[in-house]
Amino acid sequence: MLPVNEDSSRWVYRWAMLVTLLTFPLIWLGGLVTTHDAGMAVPDWPGTFGYNLFLYPWSAWLYGPFDLFVEHGHRLLASLVGLLAICLCVVAYRNEKRTWVRNVCFLFLAAIISQGVLGGARVLLDARTAAMIHGCTGPLVFALGSFILMACSSDWRRATQDGSRIPVSRGLLRFSYLLVLMSIVQLFVGAQLRHAQPTWLPPFFTSIVHTHLLMATLITLSIFGICVLVRTDHNRRVMELRLPSNMLLIVVLAQVALGLATWVANYATPWVELTPWLANYTLQGKGFWESMIVTGHQATGSLLIVFSLWMVCRVATRTKKAEKAQPMINDTTIHQEKATELVAVGSTV
Amino acid sequence: MFFDIHHRFPRFLQASLWLFSTALGMVLCGCNSEKIEFRSNQLHAASISMDLTPPDIRQLADRAKGATEQLLGTADLPTWPASVLPPIDMEKVVRSSGPVGRDQSKVERGLFRKHCVQCHGISGDGRGPSAALLAPYPRDFRRGSFKFKSTPIGKKPTHSDIVRTLEQGLPGTAMPAFGTLSDSKEFVDDVDALAHYVRFLAIRGEVERRLLVALSEQEVDESTSLAILTRVANDWLAADSHSVQRPEWVANPSEDGRMESVANGKALFESEWTACVKCHGVDGSGNGTSQDFDDWTKDWTIRAGIDPAHKSEWKSMKKYGALKPVIDRPRNLKLGALRGGTSRGDIYLRLVLGIEGSPMLPVAKKENGNPGLTEEDIRDLVEYVHFLSENTRNISLSQEVQHASSE
Ligand code: HEM
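Protein chains in written order, with our numbering: chain A, 1 to 349; chain B, 1001 to 1407.
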């Protein structure tokens, strides 16, 4: 239909893919920073022990203590993601026809920068609250990046441009929105557990644990509900809904398992005498596998947000209202010229 | 318009933009007000003076905390008065205290807050944020009482007793082992520094308790509080001299000889004389008839005239930080998870020394004409406990992973 426009958007898609794929390990590294309480392993910012961030000696970084390795690594990868996000904005500015997608790219860059500034504030003020907020917003930034990816995907284009599509029930849409919201709330609740202030009283912490468990139940049930909904009524014929719902199911099951493992890895179980294995299990303080489980739980939590957002995208682009999308595509023909140029350049390279 | 398509998404995006700005705002205005102080010992104040009103109890606890602070400093900067001989290395204590992080020379500070505070609490009161969810509860150091050590009941543990617990952890509980960390050289130093800090918190807690008692009777001047500190410090200085050597023990090489010993030990275990079965049950699974609370619980319940088995009675202490009283279950010896160590030498120490603060008392030894168990009997008993508990090994996740990958 509009082959040139399609191609121009593909570069945005590729860049968004690159940035998003790198943001996920960044979430892991950030999570490791929290797990190892390494937030202050490097006391200065934006430099590292007086060096410019990029000039800090490799050997001191790689062979130094683990907390320093993780914290400096997190900073390096974050800077890389920041630089790539600038590239994404440039590419989007020149290639993307939809104004709002370009705006989202700029918002993404702004979010990454504020995330960095927040990280810096955490170090300079030595404020654990800042670390907690940084930990909450990190996955939101990741979700924003993957949203760009979704908006530039061929599925999005197909769904919004194809007039003959089967409308999806609004119930499913509401359910998916609710899921995004709940996963975000769950992330915030989880961050309280990971960033508990040493002076909190036990009853407060206990109530947060209970909230986290309650939310986990609600989220799991909602995902079951979504899996059923995509297989009922006319939703059944929209095969594109199957993949995100299946992924959600896999991720939530993994997340619940990781959550239980996280509890054991952090606090053992209160039912010591249940089996000899539990009775004899000795936790390892900051042990490698323990850290991986705990950090994995946190990282999979942000994956859950991303996948539920994916579900929203696939559903929202297929409900009735999405039809308004049609005229907007033509609106952007102004950029077509520029885009044609770029694609020409792109294909010669 | 900023977003002209898909009106629902823009709203989501605006929300996230809003979130970022509030987050940044919150950080800039509020969060360096995270002041971290030792917590006063209200529970002890309440249990020694039940007739006071809640505000008076809090005030008494605060005064004791203030007097302790004069002597031993704050959570960010512990100090030690020059006139008292310190049983601990204050340089290591200071390194373990305060907020987590490295300084420009890469020396790490705040070890306690990094590794321990989540469970043991800022003042070592065993009331860290996660405490209520753990079974058993994390240890409250402030009574100066420790369970797994090489010294008799009533004596302080040695430095290496505490290092042992930090290195090996306590199986089946939330207390981790810190012995197998990857960058080990630094970690050996860290564990050592932490053991000093644990002893500091124990001293601080005990001084605070004694000051509480003193203050509930009269005003306390500086020389009195220094005298209290000196007495507590001397107990800790004397710890090494009370330490009982863990016997080097080679198991009887002949299977028959060993089993004979086990049979003997079994008979002793089941005899009325040792009363082991009263608590540990006939089969050693911990389900004997005698089930009691530990001293940490009795301290604020039975000693204050409160029945720990009735919620209507102990409920009134919740507002001072009391957690639900829980029975100190006699260990299920068949599960293997011995917290004081699984070797015969370790078990020997447990039997001859008992477990301080728990219902488990030392066995009566036959000496100076008193009736009791001979050295030979005790060794047979040890052999039996070892036999009961040997069926399982201590497990850690890394070992499991290694095990799985080597198969
Ligand atoms: C795209 C940019 C970034 C993302 C997505 C991101 C993400 C994260 C995440 C997910 C966490 C873990 C939070 C938790 O476990 O709850 C974290 C922790 C952390 N990040 Fe980042 N981060 C980014 C950039 C930065 C930058 C530029 C810095 C600069 C110093 C930084 C400093 C930190 C620190 C200090 C922590 C540890 C917080 C603590 O002490 O627990 N981050 N980050």
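Just so you know, even glycine gets a beta-carbon here, dropped at the ideal spot from N, CA and C. If you're wondering where the values come from, they're calculated on a predicted model, not measured in any experiment.
Chain B contacts from the region 206-239 of chain A (Cβ-Cβ distance under 8 Å): THR206 and VAL209
Any chain A beta carbon closer than 7 Å to GLU1376 (chain B): no
Cβ-based burial, ALA1364 (chain B) [other Cβ within 10 Å; buried from 16]: exposed
Pull out every residue of the region 278-303 of chain A whose Cβ sits closer than 7 Å to any Cβ of chain B, in chain order. LEU278, ALA279, ASN280, TYR281, THR282, LEU283, GLN284, GLY285, LYS286, GLY287, PHE288, TRP289 and GLU290
So the candidates are A:SER245, A:PHE288, A:ASN266 and A:ALA279; which of them puts its Cα closest to the Cα of CYS313 (chain A)? A:SER245
Any C-beta of chain A sitting closer than 7 Å to the C-beta of ALA1131 (chain B)? yes
How many whole angstroms separate the CB atoms of LEU29 (chain A) and GLY64 (chain A), which I take to be in contact at a CB cut-off of 8 Å? With a Cβ gap of about 15 Å, LEU29 (chain A) and GLY64 (chain A) do not count as contacting.
Kindly indicate the opening and closing residues of the alpha helix (DSSP H) around ASN103 (chain A). 99-125
Taking GLY287 (chain A) as the reference, give the member of A:ALA60, A:ASN266 and A:LEU22 with the closest Cα. A:ASN266
Would you mind stating whether PHE1148 (chain B) and GLY1305 (chain B) have Cβ atoms separated by less than 7 Å? no
Is it buried or exposed, LEU193 (chain A), if we count other Cβ atoms within 10 angstroms and call 16 or more buried? buried
Going by C-alpha distance, which of B:LYS1092, B:VAL1207, B:GLY1066 and B:GLU1219 is nearest LEU1226 (chain B)? B:VAL1207
Is it buried or exposed for ASN1370 (chain B), if we count other Cβ within 10 angstroms and need 16 for buried? exposed
Under 8 Å (Cβ pairs) to chain B, residues found in the region 243-258 of chain A: none
So, at 8 Å on beta carbons, what are the nonlocal neighbours of ASP1125 (chain B) in its own chain, with the 5 sequence-adjacent residues on each side left out? ARG1039, ASN1041, ASP1140, PHE1141, ARG1142, GLY1205 and GLY1321
Take the Cβ of PHE142 (chain A) as the centre, count every other Cβ of all protein chains shown within 10 Å, and call the residue buried at 16 or more, exposed below. buried
Hey, would you say ALA16 (chain A) sits closer than 7 Å to LEU149 (chain A), going by beta carbons? yes
Hey, how far is the Cα of VAL315 (chain A) from the Cα of LEU88 (chain A)? 26 Å
Contacting residues, own chain, Cβ-Cβ under 7 Å from GLN284 (chain A) (five flanking each side not counted): GLU290
Would you decide whether MET1175 (chain B) is buried or exposed? Buried here means 16 or more other CB atoms lie within 10 Å of its CB. buried
For ALA127 (chain A), count neighbouring C-beta atoms within 10 Å of its own C-beta (all shown protein chains included) and say buried if the count is 16 or more, exposed if not. buried
Neighbourhood of LEU1361 (chain B) by C-beta distance below 6 Å, restricted to the same chain and skipping five residues each side: GLY1354
Reduced DSSP category for GLN1104 (chain B) - H, G, I as helix; E, B as strand; rest coil: coil
Taking Cβ positions only, does PHE1178 (chain B) come closer than 7 Å to chain A? yes
Identity of the residues DSSP links to ALA1177 (chain B) by a beta bridge: A:GLN284
Measuring from the CB of GLY1169 (chain B), is there a heavy atom of the ligand ZN at a distance below 6 Å? Among the ligands present in this structure, namely the ligand HEM, the ligand ZN is not found.
Can you tell me where the alpha helix (DSSP H) holding LYS1065 (chain B) begins and where it ends? 1054-1072
Does the region 292-309 of chain A come close enough to the region 258-265 of chain A that 3 or more CB-CB pairs lie under 8 Å? yes
Could you tell me the distance, in whole angstroms, from the CA atom of THR99 (chain A) to the CA atom of TYR93 (chain A)? 9 Å
Run through the DSSP bridge pairs and tell me what LYS1365 (chain B) is partnered with. B:LEU1373
Put THR295 (chain A) into one of helix, strand or coil per three-state DSSP. helix
Out of B:GLN1168, B:CYS1116, B:ILE1162 and B:GLY1144, which one is the CA nearest neighbour of THR282 (chain A)? B:GLN1168
Taking VAL1100 (chain B) as the query, report the chain A residues whose CB atoms sit under 8 Å from its CB, ordered along the chain. ASP37, GLY39 and MET40
Residues of chain A with CB under 9 Å from GLN1104 (chain B), in chain order? PRO43, ASP44, PHE49 and GLY50
Pull up the CB-CB distance for PRO202 (chain A) and VAL1117 (chain B), whole angstroms please, since I reckon it's below 8 Å. No, PRO202 (chain A) and VAL1117 (chain B) are not in contact; Cβ-Cβ is about 13 Å, not under 8 Å.
Cβ distance (whole Å) where TRP1300 (chain B) is taken to contact MET1317 (chain B) below 8 Å: 6 Å
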